[in-house]
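Chains A and B, in that order, are what the protein sequence lines are.
For the first sequence, the residue numbers in our numbering are 335 to 523.
For the second sequence, the residue numbers in our numbering are 335 to 523.
Number of protein chains: 2
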Amino acid sequence: MTYRVMGVDPGLTRCGLAVVDIEPNRRSTLVAVGVVGTEAGRSLDERLLVISDAVDSWLDLHKPQVLAVERVFSQLNVSTVMGTAQASGVVIVAAARRGIPVALHTPTEVKAAVTGNGQADKVAVTKMVTKILRLDTAPRPADAADALALAITHAWRRGVGQQGAAAAAGSITPAQRIWAEAEARARRR
Amino acid sequence: MTYRVMGVDPGLTRCGLAVVDIEPNRRSTLVAVGVVGTEAGRSLDERLLVISDAVDSWLDLHKPQVLAVERVFSQLNVSTVMGTAQASGVVIVAAARRGIPVALHTPTEVKAAVTGNGQADKVAVTKMVTKILRLDTAPRPADAADALALAITHAWRRGVGQQGAAAAAGSITPAQRIWAEAEARARRR
């Protein structure tokens with residue numbers, strides 16, 4: 335069973351959006367990728383509405399099983415951090431309104447999952463995402479690549495390719511997980 | 335013409351909501367006040383959805399002409415600031431989706447407008463809000479009083495009681511403002 339994940343790298347100027355299908359064997363296929371956002375000259379309410387409308391459309395069109403969003407930290411004491419947090423709130427509530435589960439992952443988790451190195455730079459992340467998704471050209475800008483990396487990270491961290499598709503369904507109980515693991519072991523024999 | 339303002343003091347645990355009608359002579363009347371929010375144990379998406387649903391209901395029920403929201407700063411380096419920013423994003427976009435203009439005011443602006451002192455404490459703000467709205471009992475908790483103070487501040491800063499109701503309509507042109515000011519001067523003679 336294919337696991338469909340939407341990844342979002344939130345931001346007011348550039349909000350990366352991506353949808354990836356991940357198969358039980360971890361094979362990952364690009365469904366959609368893009369960037370939405372507005373120039374800094376627009377009012378905050380207009381800017382948030384553009385992001386909200388885009389995420390609503392993507393969720394309705396692609397119907398992901400889960401939404402993976404980059405976790406925002408206040409320690410990043412830059413002028414854009416509040417706008418990024420406001421955008422992430424808008425993105426998260428769009429999924430919640432549809433009953434789609436939301437998962438948060440830190441940049442370090444994403445870099446570690448995709449490249450094997452939690453300190454990897456944007457070039458390395460883009461390169462690995464391009465390879466994992468078997469793309470002819472690298473996804474640009476970096477926000478788009480980050481959204482793809484988030485989607486892949488979420489699926490892999492949920493155990494796709496390790497515990498079978500059941501574990502990837504996103505809402506299994508501990509009993510189902512034990513069963514899925516036992517089944518996977520049985521298959522390996 | 336009465337000017338109806340909804341004020342929101344954003345937060346995940348306690349989000350203050352208030353609706354106030356302000357007349358051209360600055361007489362302010364409480365329409366509704368309350369607090370919405372969730373315990374810290376719930377997931378972020380659930381918490382944001384509770385706030386989003388409440389704000390949607392209030393906007394549809396009370397139909398304010400403008401939404402006044404407390405401006406959130408990243409300088410407040412406390413653990414709740416990111417959640418507050420995410421909540422404010424959800425609140426702002428709810429108004430934007432309905433074409434309701436959004437105004438942001440800092441805590442200092444609110445304290446100064448309501449008490450005359452930008453450094454006033456919560457007790458002083460609550461006391462003045464109670465007096466301005468001619469309430470028998472003080473609004474509680476502080477988040478509810480803050481939301482009321484935000485609504486009053488917005489109307490007063492927009493010039494209700496100074497330039498007549500036209501200036502309070504929230505979308506006047508520079509020419510209309512000059513005309514309203516001239517009209518106000520003429521009335522004073």
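Don't be surprised by glycine CBs; every beta carbon is placed ideally from N, CA and C.
Bear in mind that the values here come from a model prediction, so they are computed numbers and not experimental data.
- A check of alpha carbon separations from A479 of chain A across A:V384, A:A352, A:Y337 identifies A:A352 as the nearest.
- The Cβ of V424 of chain A sits closer than 8 Å to at least one Cβ of chain B.
- Non-local C-beta neighbours of A485 of chain B in its own chain, meaning closer than 6 Å and more than five positions away in sequence, comprise V339, G341, A352, V354, A402, ordered along the chain.
- For E404 of chain B, the nearest beta carbon of chain A is not closer than 8 Å to its own beta carbon.
- By a beta-carbon distance limit of 8 Å, V365 of chain B contacts H396 of chain B. Their separation comes to about 6 Å.
- Distances from the CA of R431 of chain B to each of A:V424, A:G375, A:A430, A:D477 were compared; the closest alpha carbon is that of A:V424.
- Distance from the CA atom of A421 of chain A to the CA atom of P344 of chain A, rounded to whole angstroms, is 6 Å.
- The Cβ atoms of A447 of chain A and R405 of chain A lie no closer than 8 Å to each other.
- For P358 of chain A and D379 of chain A, the gap between their C-alpha atoms comes out near 41 Å.
- C-alpha of E373 of chain A to C-alpha of T347 of chain A: approximately 6 Å in a straight line.
- The beta carbon of L438 of chain A sits closer than 7 Å to the beta carbons of V403, R405 from its chain, once the five residues preceding and following it are set aside; these are given in chain order.
- In the displayed model, A374 of chain B falls within coil according to three-state DSSP, outside both helix and strand.
- In the structure shown, T487 of chain B falls within a helical segment according to DSSP collapsed to helix, strand and coil.
- Between P441 of chain A and the set A:G450, A:I434, A:G433, the nearest pair of CA atoms involves A:G450.
- When DSSP reads this structure, T336 of chain B sits in no beta bridge, so it has no partner.
- Between D387 of chain B and D470 of chain A, the alpha-carbon positions lie close to 43 Å from each other.
- When DSSP reads this structure, H396 of chain B sits in no beta bridge, so it has no partner.
- Legend: CB atoms of the region 417-444 of chain B lying less than 8 Å from CB atoms of chain A belong to residues A419, Q420, A421, S422, G423, V424, I426, V427, A429, A430, R431, P435, V436, L438.
- Proximity of D379 of chain A to chain B, defined by a Cβ-Cβ separation below 8 Å, is satisfied.
- Excluding the 5 residues flanking it on each side, V400 of chain B has same chain C-beta neighbours closer than 7 Å at V339, I434, P435, A437, H488, G504, in chain order.
- Under the 10 Å beta carbon count, D477 of chain B is surrounded by 16 or more other beta carbons and is classified as buried.
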